[in-house]
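Just so we're aligned: the sequence shown equals residues 917 to 1508 in my numbering.
Even glycine gets a Cβ: it sits at the ideal position worked out from N, Cα and C.
Report on the following structure.
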Amino acid sequence: MKRIYGMIFVLLVLFSTAFAQSVHYDVFLDTQETHFFRVKMTIRNAPEETLNVAIPAWFGLYQIRDFAQYVQRVRAENENRQRISMTKIDKQTWQIIPGTSGTIQISYRVFGNDLSPFGTQLNTKHAFINPAMILFYLVNGRNRPVTITYHKPEKWKIITAADRMENRNASFKAGSYDELADNPVEIGNFTKRSFTSDGAVYDAAFYDYHKEFDLNRFTEMLKRIVHYETVQLMHDVPFKRYVFLFQLVDSHGSGMEHTNSCVISFNRARAHRDVFELSSLIAHEFFHAWNVKRIKPKTLFRYDWTKENYTRALWFAEGGTSYYAALTRERADFWTRRQLLDHFAKRITQEENDPGRFIQSPEMASFNAWFEKYPWYERPENSISYYRSGEILSFLLDLKMRLDTRNRFGLDDVMRTMNGLFAKRNIGYNDSRDVLAVMNSLTGKDYSDFFARYISGTERPPYEKIVGRAGLTLRKTLKELPDPEFTAERNFDKPFVVTTVENESPAQKAGLRINDRIVKINGKPTELYIRDSYKGMKKGDQVTLLIKRGSREELLSYKLKMTSKPSFSLQMQKKRSEFQMKLLNDWFEGKP
């Protein structure tokens, strides 16, 4: 009897497998001048009853961007090429009633002309694709395997981290829609460099590279970053192949992480000055291969593509990653120890001068990330940066753990432990609660009070006490700094948008208004932070702002004034104990 049941079970499995729905996409790149991708979605073994397909409302950025707005000319046909009923039932979902089971083919076109790690673009030079921005998914079938073929010009090359189908140059497979969506694609005549490191293959593709910098020097930088973060820091190489997709642009850069790849745009002039300047952004995005993509909050473990996905853990997921990007720069010899200390002092200075810290905690900044596209929310008195606050908290917690355990454990151990507990077991962690639990377990101490006051709460962290015990001194001075007389916020690689203008100030009298977009300051593209564009200027110097208001550009000018702001520096104490010297040396070098 058991044998009969076993045979029946096997037959049922074979039957269900044979008749399981399968999805294949064909993406056509033959309308480059209009920036429209043509997409054909083929669903085999579709049921007779109702079937829903949708396109994500968001991807990458914590912003609802409604990719359905770019979709046109949607139609569905059966295997006999007869049109079947297809009705849009909400802003991103279509309902199909096939009438009979079999094969369904959905065709549509989707616009894409945004070159950025968070965008999609098709033109006569190339195609860059974030699949979630152009591909429908089966609402009740996201976990089913999918395949895709990109129909490209013959001379164009293609690169992605997705698994290639056997003997198919431009066809790829994935275990699910989400896995496919996690593999961006560059198609065109890109420049490519490859290397191996510690058992993994690394491919780097450069779009729009015109010999602005030394590729050999750039590749050497990549090698140092990946070797440090895989072997020395995480003791883990979680992939056989990893792909860097680089976009050279004239604006500011940005980056987007993926499980086995990342997309990074960077300013070509900045790279020309010194490619090592890019090490921070690259180290940040590469470290996300663990923190966020594998060591993943439970709240972000399986995305809901239809709405906001809330988490309180971005202070750790993003801020902690920024912390390790800074450490990588020093530990992989792109920075000196002095530069690393100056970096953290600068971050503390920025945090201390941010009025938003009095009203918003790092956890709440994480939770409210979905407000970041709104200029009002981005004003400094209304919110803080979970990147910056999380980076500073990581710095303090690392030193505190080393102090509390006589230098036996630090934040490196937290990352490696969480990699084993969560990433390797493919489960999510419970936001700040599990970060706290791991720290408590490693140290034998209770960090609940620290988390409650400085991570869940808005109290000022005890900078001076922690760094002082570690052999550092945090010095505060009042510094005369150029006063832009306005604040501005940017949405990643988009232009700065003015959020406040000081009343009766020279900038206001020159005509600067809220919502103006800053194109250039003193004839140059804006720096990463507005204040950095004023570096080296003195009282009375002429400031010129090229702004955009609507579709019209204007040139404004005014005389610069100065302001006094608290500024912090981190110095090594002259009289350090043996323990403090060892602790700091081990911290700088990444040792236990």
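**Asked** So is S1372 in contact with chain B if we call contact Cβ pairs under 8 Å?
**Response** Chain labels in this structure do not include chain B; a single protein chain is all it has.
**Prompt:** Going straight from the alpha carbon of L1471 to that of V1459, what length do you get?
**Reply:** Answer to the nearest angstrom: the Cα atoms are 10 Å apart.
**Residue range of the beta strand (DSSP E) that includes K1425** = Unbroken run through K1425 is the alpha helix (DSSP H), 1422–1425; no beta strand (DSSP E).
**Message:** I'd like to know if the stretch 1069–1084 and the stretch 986–997 are in contact, where contact means that at least 3 CB-CB pairs between them fall below 8 Å.
**Reply:** no
**Helix, strand or coil at S1485 according to DSSP, with G and I counted as helix** = strand
**Prompt:** If you draw a straight line from the C-alpha of V1191 to the C-alpha of V955, how long is it?
**Reply:** 38 Å
**Item:** Limits of the unbroken alpha helix (DSSP H) element including T1237
**Value:** 1235–1247
**Item:** Reduced DSSP secondary structure (H/G/I, E/B, other) of D1448
**Value:** Residue state, collapsed to three classes: helix.
**Message:** In this structure, how does DSSP classify N1225 when only helix, strand and coil are distinguished?
**Reply:** coil
**Prompt:** Under the rule that 16 or more other beta-carbon atoms within 10 Å means buried, what is T1393, buried or exposed?
**Reply:** exposed
**Prompt:** Taking all protein chains shown into account, do 16 or more other C-beta atoms lie within 10 angstroms of the C-beta of Q1496, making it buried, or fewer, making it exposed?
**Reply:** Q1496 should be labelled buried.
**Request:** Quick one: residues in its chain with C-beta nearer than 7 Å to the C-beta of F1402, no 5 flanking neighbours on either side, listed in chain order?
**Result:** V1414, T1416, V1417, E1418, A1423, L1428
**Asked** Is Q1255 near R1304, with beta carbons less than 8 Å apart?
**Response** no
**Prompt:** Should K1214 be counted as a contact of the ligand GTP given a C-beta to heavy atom distance under 7 Å?
**Reply:** Within the structure as shown, the ligand GTP is missing, as the structure has no ligands at all.
**Asked** What do you get for T1227, buried or exposed, if any count of 16 or more other CB atoms within 10 angstroms of its CB means buried?
**Response** buried
**Request:** Select from K1127, D1094, Q1008, A1386 the residue whose C-alpha is nearest the C-alpha of S1493.
**Result:** A1386
**Prompt:** Where Q1011 and G1439 are concerned, what is the direct C-alpha to C-alpha distance, given to the nearest angstrom?
**Reply:** 52 Å
**Message:** Just to confirm my understanding: we take G1236, look at its own chain, exclude 5 residues before and 5 after, and list those with CB closer than 7 Å. What are they?
**Reply:** N1207, G1306, S1310
**Prompt:** Would you call the stretch 1186–1203 and the stretch 1363–1376 touching, i.e. three or more CB-CB distances under 8 Å?
**Reply:** no
**Asked** Does DSSP classify D1399 as helix, strand or coil?
**Response** strand
**Three-state secondary structure assigned by DSSP to P1213** = strand
**Prompt:** In the structure shown, what three-state DSSP assignment does T1418 receive?
**Reply:** Residue identity differs from the one stated: residue 1418 is Glu in this sequence, not Thr. It is coil, neither helix nor strand.
**Asked** Helix, strand or coil: which one does DSSP assign to S883?
**Response** The chain is shown from 917 up to 1508; residue 883 falls before or after that span and cannot be answered.
**Prompt:** Hey, out of T1016, Y1093, P1411, I1013, whose CA is closest to Y1219's CA?
**Reply:** Y1093
**Asked** Should P1047 and L1096 be called a contact, given that it needs their Cβ atoms to be closer than 8 Å?
**Response** yes
**Prompt:** Considering only residues of the same chain and omitting the five flanking positions on each side of A1116, which have a CB-CB separation below 7 Å?
**Reply:** V1153, F1155, K1156, R1157, Y1158
**Request:** Assign Q1496 to one of three DSSP states: helix, strand, or coil.
**Result:** helix
**Request:** Would you mind giving the Cβ-Cβ distance between I1050 and G1028, rounded to the nearest angstrom? I have them listed as a contact below 8 Å.
**Result:** 7 Å
**Item:** For N1085, three-class secondary structure by DSSP
**Value:** coil
**Asked** Does DSSP put G1336 in a helix, in a strand, or in coil?
**Response** helix
**Item:** Alpha-carbon spacing of K1340 relative to K1212, whole angstroms
**Value:** K1340 and K1212: Cα-Cα distance of roughly 11 Å.
**Item:** Burial state of G1169, where buried means 16 or more other Cβ atoms lie within 10 Å
**Value:** Under a 10 Å Cβ-count criterion, G1169 is classified as buried, with 16 or more other Cβ atoms of the shown protein chains found around its own Cβ.
**Request:** Measure the C-alpha to C-alpha separation of P1508 and G1384 and round it to an integer number of angstroms.
**Result:** 20 Å
**Item:** Continuous alpha helix (DSSP H) stretch holding W1286: start and end
**Value:** That residue, W1286, is in no alpha helix (DSSP H); it is neither H nor E in DSSP.
**Prompt:** According to the neighbour-count rule (16 or more other Cβ atoms, all chains shown, within 10 Å of its Cβ), is L1505 buried or exposed?
**Reply:** For the sequence presented, residue 1505 should be read as Glu rather than Leu. Counting Cβ neighbours within 10 Å, E1505 comes out exposed, since fewer than 16 surround it.
**Asked** Should N1132 go down as buried or exposed, given a rule of 16 or more other Cβ atoms within 10 Å for buried?
**Response** exposed
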